[in-house]
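Numbering (the UniProt record's numbering), first residue to last: 1 to 230.
In structure tokens, the structure reads:
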């Protein structure tokens, strides 16, 4: 599950505030099977490789599948010179990631030591939902397109005395047979709702909770989308 709290108030619009703490730190000595297992667990197709605190590059699932090897040290890495600094403005980080077609981007310190990783798409989903100014929570579900039924999903939410106030569906960019459904729910506590989805075998890949929004949130989202030309 990709779930991490994010505060989008003005003081936190720098890279280190958006790090996903669930991303593992892969080493060159790790097996390729180990890396693939993490990719499957996190629904990611790229992960950073780090050696003694130094960022070496990203390993991709396609390379691991096409070029079987015993360890990551034997695998060619991507984006070796592409990263952002921890205090860099977040808009610049997203721009760098999008320009280089990255699903994740490594964040480093001023001495270029590895700090952590940002997952681009999941964070953009959160920004999109921040337009909804009412308090509540947001869930991102990943499913096969044939399994999508908003009626059924709404029924499961309503069985927990909550309602879906907005939803957004888009094709999962890394597997065209799947879709990514983002739903805004009018409840702050969604523990029971998540448990219900998991009981019915829905894959919850992200969750966010937010209080009543501010005008600044929408302004920042508008600026973000314009900046990225999305």
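Backbone N, C-alpha and C fix where the C-beta goes; we use that ideal spot for every residue, glycine too.
| field | Contact set for residue 150: own chain, Cβ-Cβ below 7 Å, skip 5 residues either direction | value | 167
| Euclidean distance between Cα positions of residue 178 and residue 161 | 28 Å
| message | Taking the straight line between their C-alpha atoms, what separation do you get for residue 169 and residue 183? | response | 9 Å
| residue 103 classed as buried or exposed, judged by whether at least 16 other C-beta atoms fall within 10 angstroms | buried
| Since residue 106 is in the beta strand (DSSP E), which residue starts that stretch and which ends it? | 104-108
| request: Look up residue 22 in the DSSP assignment and say whether it is helix, strand or coil. | output: coil
| Terminal residues of the alpha helix (DSSP H) in which residue 185 lies | From DSSP, residue 185 is part of no alpha helix (DSSP H) but of the beta strand (DSSP E) over 178-185.
| task | Could you tell me which uninterrupted alpha helix (DSSP H) segments, each at least 4 residues in length, are contained entirely in the segment 15-74, listed from first to last along the chain? | result | 32-42 and 61-66
| query | From residue 175 to residue 45, what distance separates their C-alpha atoms? | reply | 10 Å
| task | Measure the C-alpha to C-alpha separation of residue 145 and residue 197 and round it to an integer number of angstroms. | result | 16 Å
| said: For the ligand HEM, I want to know if residue 181 counts as a neighbour, meaning its beta carbon is within less than 7 Å of at least one of the ligand's heavy atoms. | reply: With respect to the ligand HEM, the structure offers nothing, as it holds no ligand at all.
| request: Could you check the C-alpha separation between residue 148 and residue 47 for me, to the nearest Å? | output: 28 Å
| said: Could you pull the DSSP bridge partners for residue 142 from this structure? | reply: 180 and 203
| Just how far apart, CA to CA, sit residue 194 and residue 185? | 11 Å
| request: Using alpha carbons as the reference points, say which of 165, 97 and 70 lies closest to residue 58. | output: 97
| task | Consult DSSP for residue 168 and reduce its assignment to one of helix, strand or coil. | result | strand
| request: Have a look at residue 152 and residue 20 and give me their C-alpha separation to the nearest angstrom. | output: 30 Å
| task | Just the C-alpha distance for residue 106 and residue 191, rounded to the nearest angstrom, thanks. | result | 31 Å
| request: Specify, as a first and last residue, the run of the beta strand (DSSP E) that residue 90 falls within. | output: Counting along the chain, residue 90 falls outside any beta strand (DSSP E), though it belongs to the alpha helix (DSSP H) covering 90-99.
| message | Taking a contact to mean a Cβ-Cβ separation below 8 Å, would you say residue 164 touches residue 15 in this structure? | response | no
| Around the C-beta of residue 94, are 16 or more other C-beta atoms found within 10 angstroms, so that it is buried, or is it exposed? | buried
| Where does residue 35 land, buried or exposed, given buried means 16+ other C-beta within 10 angstroms? | buried
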